[in-house]
Amino acid sequence: ALAWCPWQPHLLASGGGTADRHIRFWNCNTGTCVQSVDTSSQVCALLWSTEYKELVSSHGFAQNQLIIWKYPSLDKVTELTGHTARVLHMAMSPDGTTIVSAAADETLRLWKCFAVDPKKKKIKEKSSAKKDLGALLVRQRIR
């Protein structure tokens, strides 16, 4: 499992298999491991939440769960259980609030993990409205 940190472009998170079970954080400029955590189970996938600065890991044997980690403290925020086989893949919704996980138990699960900050949502909506107005003005000038 591999995932680049969105706000630290030189930082790469990697997840180990059944024997290793660690998530390691690498400084790709120097090639050094700057931090690691033992997850107690196989790491199958990694996903960053830019809004909360947290890392989500999905696991196989023996837990078959998702774990949300605060970065850089690596404190466990929560464990999400429900799959009965290893969690093979995860994806974040476009609004950054929901994770979908796909597991070897042939199920997809939706996890509402990250709430949207109402202040940031209003700012994004205003920004989006201005962009839409700008596009409308451009379209009117062309025609």
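In the UniProt record's numbering, the protein residues as written are 1 to 143.
Glycine residues also receive a C-beta, built at the ideal position from the N, C-alpha and C atoms.
Please report the straight-line C-alpha distance between residue i and residue j, rounded to a whole angstrom.
{"i": "K112", "j": "S93", "result": "10 Å"}
{"i": "L74", "j": "T39", "result": "11 Å"}
{"i": "H59", "j": "L2", "result": "13 Å"}
Could you spell out the range, first to last residue, of the beta strand (DSSP E) harbouring residue i?
{"i": "A13", "result": "11–15"}
{"i": "residue 161", "result": "Only positions 1 to 143 of the chain appear in this structure, which leaves residue 161 out of reach."}
If you count every other CB in all the chains shown that lies within 10 Å of the CB of residue i, and 16 or more means buried, which is it?
{"i": "W4", "result": "exposed"}
{"i": "S41", "result": "buried"}
{"i": "V56", "result": "buried"}
{"i": "N29", "result": "exposed"}
{"i": "A115", "result": "exposed"}
Just confirm the distance between the C-beta atoms of residue i and residue j, as a whole number of angstroms; I'd bet it's less than 8 Å.
{"i": "N27", "j": "V34", "result": "5 Å"}
{"i": "W69", "j": "E54", "result": "6 Å"}
{"i": "H22", "j": "G31", "result": "17 Å between Cβ atoms; not a contact."}
{"i": "L46", "j": "A13", "result": "5 Å"}
Identify, in the order they occur along the chain, each residue of the same chain with its Cβ nearer than 6 Å to the Cβ of residue i, setting aside the five sequence neighbours on each side.
{"i": "H83", "result": "N64, A103, D105"}
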